[in-house]
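Okay, so here's the structure we're looking at.
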Amino acid sequence: MTRILLTDDDEQIRTTLADYLRTFAFDVRTAATGAGFRDAVASGGVQAIVLDVMLPDANGLELCRWLRHQEDTTPVVMLTAQGDPVSRVIGLEMGADDYLAKPFEPRELVARLNAVLRRAPRPAPGPDVDVPRSVRFAGWTMDCLQRLLVSPTQVAVALSNAEFRLLAAFVAKPGRVLSREQLVEATARSTPGSGPSVNDRSIDLAVSRLRQKLNEAHDAPALIRTVRGEGYVLDAKVAS
């Protein structure tokens, strides 16, 4: 079942659309604010997003740009009362995959969601990364199908697309120093032009986020070490 995050501050629209989408076998999460949107994204598992432009505490366009800066390629359909061409162009430039002006037929939203999901790149570990169904390292278990980390204390930690590809690269070559260039290659998206490009800076940010997740649920020494002038290394033994 495809999990959708529906973010709209209008309770009636939010409830009506959520109920309608569920009749098409979507698993719908909802949020009414920008803060709720960020929390839902951080929890992981979202496969498509419906995002209203006007929220009480945030601008949907800025939230879309924030999402793309997280190296998150989840398809986004923007909803707005402003259907003029300039607003559409701005939304697409911010990283939205489609744009739907209010009022609209709910069935059209379903069609657009299905279209962006078909176009979305298939998540893949990347070149030269061969990871089994699940792997274990330093007490952690990485579920490669669900994209979940389970800590030594059995706390589930969701992974974003970028975090999954990055960790997949590390567990494929434990104990080996991987340069930023190698990590860029291993975590590049499978579909060219599908969002912000992966570069050295984004790799550093992704490593930082991944380290936070590895240390959030379990107080232990850093598993991903920086090797000055060379790159990063997963300092743990990996078993499938």
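The sequence shown begins at 1015 in our numbering and counts up by one. Even for Gly, the Cβ is constructed at its ideal location relative to N, Cα and C.
(1) Go through its chain and collect everything with a Cβ distance to Arg-1028's Cβ below 7 Å, but skip five positions before and after it.
(2) Grouping DSSP H, G and I as helix and E and B as strand, with all else coil, what is Arg-1239?
(3) Leaving out five residues before and five after Arg-1079 in sequence, what residues of the same chain have Cβ atoms less than 8 Å from its Cβ?
(4) Using the Cα positions of Gly-1243 and Asp-1086, report the straight-line distance between them to the nearest angstrom.
(5) Give me the Cα-Cα distance between Ile-1104 and Arg-1150, rounded to the nearest whole angstrom.
(6) With a threshold of 16 other CB atoms inside 10 Å of the CB of Met-1015, please say whether the residue is buried or exposed.
(7) Beta-carbon within less than 6 Å of Gly-1153's beta-carbon, same chain only, minus the 5 sequence neighbours each way: which residues are those?
(8) Buried or exposed for Arg-1215, please, with buried defined as at least 16 other CB atoms from any protein chain shown within 10 angstroms of its CB.
(9) Our contact map puts Ser-1057 next to Ala-1176 with C-beta atoms below 8 Å; I'd like the distance itself, whole angstroms only.
(10) Taking only three categories from DSSP, how would you classify Val-1064?
(11) Which residue comes first and which comes last in the alpha helix (DSSP H) that contains Gly-1074?
(12) Buried or exposed for Val-1055, going by 16 or more other Cβ atoms inside 10 Å?
(13) To the nearest angstrom, report how far apart Val-1247 and Ala-1236 are at their CA atoms.
(14) Who are the near neighbours of Phe-1038 in its chain, counting only those whose CB is closer than 6 Å to its CB and skipping five residues on each side?
The answer reads as follows:
(1) By the criterion of a C-beta distance shorter than 7 Å, Arg-1028 is surrounded in its chain by Leu-1020, Asp-1022, Thr-1044 and Ala-1046, once the five residues flanking it on both sides are discounted.
(2) It is a strand residue.
(3) Met-1108 and Gly-1109
(4) Using only the alpha carbons, I get a separation of about 28 Å.
(5) 44 Å
(6) exposed
(7) Pro-1166
(8) Flag for Arg-1215 reads exposed.
(9) Going by Cβ atoms, the distance from Ser-1057 to Ala-1176 rounds to 16 Å, so no, they are not a contact pair.
(10) In the structure shown, Val-1064 falls within a strand segment according to DSSP collapsed to helix, strand and coil.
(11) 1074-1083
(12) buried
(13) 11 Å
(14) Val-1124
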